[in-house]
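If you use my numbering, the sequence shown closes out at 305, no skipped numbers anywhere.
The beta carbon of each residue, even a glycine, is placed where N, CA and C say it ideally should be.
Reviewing the structure listed below.
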Amino acid sequence: MIGYLGPKGTYTEQAARFFADSLYAGRMAIRPYPSVSQTLDAVESGDVAAAAVPMENSLEGSILVTLDRLAVAPLRVSAEFTLPIRHAAFIIPGTDPERILEIRSKPEALAQCRRTLRMIMPHANHVDMDSTAAAIHFVAQQGDPSIACVGDLEAGLAAGLRLLRMDVQDEVFNETRFALIVRAGEELPGNMSAIHGAGETPLPDVYKTSLLLALGDDHPGALFEVLGVFARYGINLSRLESRPTRRGLGSYHFYIDLLQRDTDEAVRAAIVELGRLAGFSVKDLGSYACYSPLEKPIDKKHEI
């Protein structure tokens, strides 16, 4: 079973279905949870074998609840799926957009669309919901013509809402990385190599290794020493991000993504060398394949 941020109709559900259908040939069911935290709770407690959760958005950055849990929990990333996010704005049929007083969606979705939403619904306040699908269900159930929402096209149309505008994200290139999370020390169910060999799984775009680096002491050039190790071994980094350790102001640890597997000789040697640097500790957050779908054209015939 794969847990995901629900309810049905979220972008995370699409990622969960990709993991279930493509990596397991449809042999894994999926189960919705009300929040990212509860989804991660479920995999940590063993209620589900894995969890599909958002990791990073190209417009608004990392999903902090996911990053912070990886830092403290015995969890690892086992696969990644990057989904193009095309937000749609919905209203109750017959509503005048000029009279919309409230727009509901997940905070990250509203942030990705804030400029466009101000233009098309200038009088509306933005109200946070637990997910885009929860916002769609809320508006459909309330039937209040003063409330709009932002979410997935198919989910909004299925709920009986009217499409006001497609592609309300502020930038054309809006993508979210979703991670498949498992408990540390456990392999994914099923014979992954056999599935790959059967041609049922799309080829990965790239392989990554994610590390969490803790600096024991803050001295001049500390981060430079770390970057120097990767440079000497010819390892390309795709992400370097700091987060507070919660031990006081100015105390940080670093999330690092490498564009190589942790079985590569250079990566293994670099991790060993990092561990030998005075005051440093390294946590391996997973080495995994990264996938992206073929984008489907969207029919705009329902748009006002």
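Chain-order list of residues whose beta-carbon lies under 7 Å from that of residue i (same chain, five-residue window excluded)
i, result
"P245", "S252, Y253"
"Y12", "L84, I86, T133, D153, T177"
"Y312", "The chain is shown only over 2 to 305; residue 312 falls outside these bounds and no answer can be derived."
"M122", "P98, I101, I104, A149"
"V207", "L260, C291"
"R18", "I31"
"G157", "A89, F91, I137, L164"
"A185", "P75, L76, R77"
"A135", "P8"
"A199", "In this prediction, A199 has a pLDDT of 44, which is less than 50 and means its spatial position is unreliable; what the coordinates show is noted afterwards. Excluding sequence neighbours, A199 sits near nothing in its chain."
"V49", "M2, I3, G4, R32, A43"
"L286", "L71, R77, V78, S211, L212, L213"
"H303", "Because the pLDDT at H303 is just 48, under 50, the model does not fix this residue reliably, and the point stays unresolved."
Residues near residue i in its chain [Cβ-Cβ closer than 6 Å; skip 5 each side]
i, result
"A21", "I3, M29, I31"
"D168", "R87"
"A160", "I137, A141"
"M193", "Residue confidence is low: M193 scores 47 on pLDDT, short of 50, so the model does not pin down where it sits. Its coordinate-derived value is still stated next. There are no such residues."
Identity of the residue in the options nearest residue i by Cα
i, options, result
"E172", "I148, L212, F139, A110", "A110"
"Q170", "M120, E187, Y208, A160", "M120"
"S23", "L204, V230, N237", "L204"
"Q15", "F82, F225, N58, K107", "F82"
"N175", "N58, V54, S293", "N58"
"N237", "F281, D265, D131, P108", "D265"
"M130", "M56, P108, T117", "P108"
"I93", "G47, E187, R166", "R166"
"G222", "E45, G62, G280", "G280"
"L162", "A232, G95, R115", "G95"
"R262", "A80, M56, G62", "A80"
For residue i: DSSP bridge partner residues
i, result
"G287", "S211"
"Y34", "L6"
"H254", "A215, R244"
"G152", "A89"
"T83", "R178"
"S63", "E57"
"A267", "A267 pairs with nothing; no bridge assigned."
"Y292", "F82"
"D129", "S106"
"S282", "A215"
"G184", "Note that residue 184 is Arg in the sequence shown, not Gly. DSSP output for R184 lists L76 as bridge partner(s)."
"R1", "Only positions 2 to 305 of the chain appear in this structure, which leaves residue 1 out of reach."
Proximity below 8 Å, CB of residue i to CB of residue j
i, j, result
"E274", "F255", "no"
"I182", "A290", "no"
"V78", "A180", "yes"
"D258", "R240", "yes"
"G7", "P35", "yes"
"L60", "Q113", "yes"
"L212", "V283", "yes"
"T210", "S293", "no"
"S106", "V44", "no"
Cβ shell of residue i (< 8 Å), same chain only, five flanking positions each side left out
i, result
"I196", "No answer about I196 holds up, because its pLDDT of 43 lies below 50 and its placement is not dependable."
"V54", "Y5, L6, T13, V37, T40, L41, I64, T67, F179, A180, I182"
"V316", "Absent from the model: residue 316. The displayed extent of the chain is 2 to 305, so no value can be given."
"L250", "none"
"G47", "R184"
"L118", "A90, I104, L111, A125, H127, V151, V169"
"R116", "D171"
"E155", "G10"
Query raised in the report: Should the segment 98 to 106 be called in touch with the segment 132 to 151, which here means at least 3 C-beta pairs below 8 Å?
Result: Yes: the two stretches touch, three or more of their Cβ pairs being nearer than 8 Å.
Query raised in the report: Are there three or more Cβ pairs, one per stretch, closer than 8 Å when the segment 122 to 131 is compared with the segment 68 to 81?
Result: No: the two stretches stay apart, fewer than three of their Cβ pairs being nearer than 8 Å.
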